[in-house]
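Taking it in order: structure first as structure tokens, then the write-up.
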Amino acid sequence: MRAQQDDITIFGDPAEIFGPGKALETILVELRKVDLEPNKEKFQVFGTTDDACANKPEWLDETFAITDPVVKARVETAEAEAAAAAEAAAAASPENATAAAATAAEAKEAA
């Protein structure tokens with residue numbers, strides 16, 4: 010855990026961050042003890058694996074901002090391609106369904 014000015018960063022094993030008595034709850038309890046109430050709308054979480062945020066509180070959004078305009082454009086293009094591939098897979102004929110689903114999965118992974 011690291012605190013700097015009015016920002017706190019918690020990183021590590023999700024099992025040690027989310028849940029009763031874990032890091033996130035503990036810091037919130039300790040802040041309340043000194044009459045501090047953090048602005049939960051500004052909280053962000055970034056998981057590095059598919060299930061890293063599975064046990065996060067519902068109020069905590071999985072968000073991050075891409076600030077580089079070139080990278081942002083690439084991600085938006087990849088997401089659009091993934092959506093189009095998923096749509097095509099859903100509409101594919103039975104004989105093409107497997108190949109279409111594989112293409113959609115690859116596009117989703119690229120996004």
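Reminder that position 75 of the sequence shown reads as 84 in this note's numbering, one-by-one numbering, no gaps. Just so you know, even glycine gets a beta-carbon here, dropped at the ideal spot from N, CA and C.
Roughly how far, in whole angstroms, is the beta-carbon of residue i from the beta-carbon of residue j, given that I think they are within contact range, below 8 Å?
i, j, result
"Ala-98", "Thr-86", "Contact flag wrong, Cβ pair sits at about 19 Å."
"Ala-101", "Ala-109", "4 Å"
"Leu-33", "Ile-19", "6 Å"
When the Cα atoms are used, what is the spatial distance from residue i to residue j?
i, j, result
"Val-1", "Pro-103", "Summary: the structure shown does not reach residue 1, with the chain confined to residues 10 through 120, and so no result is reported for it."
"Asp-44", "Thr-57", "33 Å"
"Ala-63", "Ala-24", "10 Å"
"Glu-46", "Ala-93", "43 Å"
"Phe-27", "Thr-76", "28 Å"
"Pro-29", "Arg-41", "16 Å"
"Glu-71", "Glu-39", "24 Å"
Please return the same chain residues whose Cβ sits closer than 8 Å to the Cβ of residue i, not counting the five positions on each side in sequence.
i, result
"Lys-117", "Ala-91, Ala-94, Ala-95"
Tell me which same chain residues have a C-beta within less than 6 Å of the C-beta of residue i, skipping the five on either side of it?
i, result
"Leu-69", "Phe-52, Val-54"
Is it a yes or a no for the segment 89-106 touching the segment 34-51, going by three-plus beta-carbon pairs under 8 Å?
Too few Cβ pairs lie closer than 8 Å, so no.
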